[in-house]
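**Q** Okay, here's the structure, questions in a sec.
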Amino acid sequence: MDALDAVRQARDFLESVTPLRRDCGGVCGAACCQSDEDGQGGMLLFPGEDALYQELPEGFTLTRDNAILPGMTLLTCEGRCDRSRRPLSCRLFPLTPVLVTENGQEKLKVRMDPRAFAVCPLCEQGIRGMAPEFGQAALQAARILCQCEEHKRYFRALARYFEQLKAW
Ligand code: SF4
Ligand code: SF4
């Protein structure tokens with residue numbers, strides 16, 4: 037399976053589930069869709085996902101981003117989108133897959149994304165406070181992605197990045 041096929045399948049798992057069974061955007065004014073006070077923001081596309089944005093929906097912009105791995109793509113938006121075009125990071129938020137090494141063994145985990153803590157009120161209760169079907173869909177999506185080496189490389193880099201930030 038190539039990176040794009042894996043992204044398509046992962047996006048499908050997360051097409052219709054959301055962190056809460058009701059619209060969590062009502063809790064926070066859809067904070068994760070707003071830019072920060074510097075007008076910054078955006079979501080990293082997963083490896084291969086930029087192929088789905090060769091035609092950009094109105095309000096979407098793509099830029100290079102090297103924070104996690106060289107040559108990744110950051111998508112920014114104007115706070116509105118057609119849900120069927122939202123990127124995988126938005127579908128997973130506030131969770132993220134990571135590959136961590138524990139007792140010498142590499143393990144796939146789906147955890148709260150440390151970058152969400154400043155934004156998302158759901159972080160306080162953690163994954164146990166979310167709809168179980170959302171957590172399950174995120175794990176299924178992460179397992180599919182892990183069938184592809186490009187995504188595994190990204191998940192290892194994410195875990196290193198969060199460790200460097202001392203976010204865990
Ligand atoms: S910030 Fe959290 S609670 Fe608010 S819309 Fe986004 S995921 Fe839902
Ligand atoms: S792409 Fe859509 S879901 Fe993602 S941050 Fe923008 S408006 Fe929100």
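Here this note's numbering runs 36 ahead of the position in the sequence shown, where the first position is 1. By construction, the Cβ of each residue, glycine as well, lies at the ideal position given by its N, Cα and C atoms. Computed from a predicted model, the values in this text were never measured in an experiment.
Label Ser52 either buried or exposed according to how many other C-beta atoms from any shown protein chain fall within 10 Å of its C-beta, with 16 as the threshold for buried.
**A** By the neighbour-count rule (16 or more Cβ atoms within 10 Å), Ser52 is not buried but exposed.
**Q** Do Cys60 and Gly115 have their C-beta atoms closer together than 8 Å?
**A** Contact flag unset, no.
**Q** Closer than 7 Å: is that where the CB of Pro133 sits relative to any heavy atom of ligand 2?
**A** Checking every heavy atom of ligand 2 against the Cβ of Pro133, none is found closer than 7 Å.
**Q** Go ahead and pull the three-state DSSP assignment for Arg147.
**A** Strand.
**Q** Under 8 Å, with one C-beta from each stretch per pair, do the stretch 79-90 and the stretch 38-46 reach the 3-pair mark?
**A** Judged by Cβ distances under 8 Å, the stretch 79-90 makes contact with the stretch 38-46, as three or more pairs qualify.
**Q** What do you get for Asp149, buried or exposed, if any count of 16 or more other CB atoms within 10 angstroms of its CB means buried?
**A** Buried: at least 16 other Cβ atoms inside 10 Å.
**Q** Just to confirm before moving on: does the CB-CB distance between Cys159 and Ala152 stay below 8 Å?
**A** The answer is yes: Cβ separation under 8 Å.
**Q** Here's the rule: buried if 16 or more other CB atoms are within 10 angstroms of the residue's CB, otherwise exposed. What is Pro106?
**A** That one is exposed.
**Q** Can you tell me where the beta strand (DSSP E) with Arg189 in it begins and where it stops?
**A** Note, Arg189: premise wrong, no beta strand (DSSP E); alpha helix (DSSP H) at Glu185 to Gln200.
**Q** Give the residues whose C-beta lies closer than 5 Å to at least one heavy atom of ligand 2, in chain order.
**A** In chain order, the hits are Cys69, Cys113, Cys117, Arg122 and Cys126.
**Q** Please name the residue or residues paired with Val136 in a DSSP beta bridge.
**A** The partner list for Val136 (beta bridge, DSSP) reads Lys143.
**Q** Within 10 angstroms of the Cβ of Arg147, are there 16 or more other Cβ atoms? Answer buried if so, exposed if not.
**A** Arg147 comes out buried.
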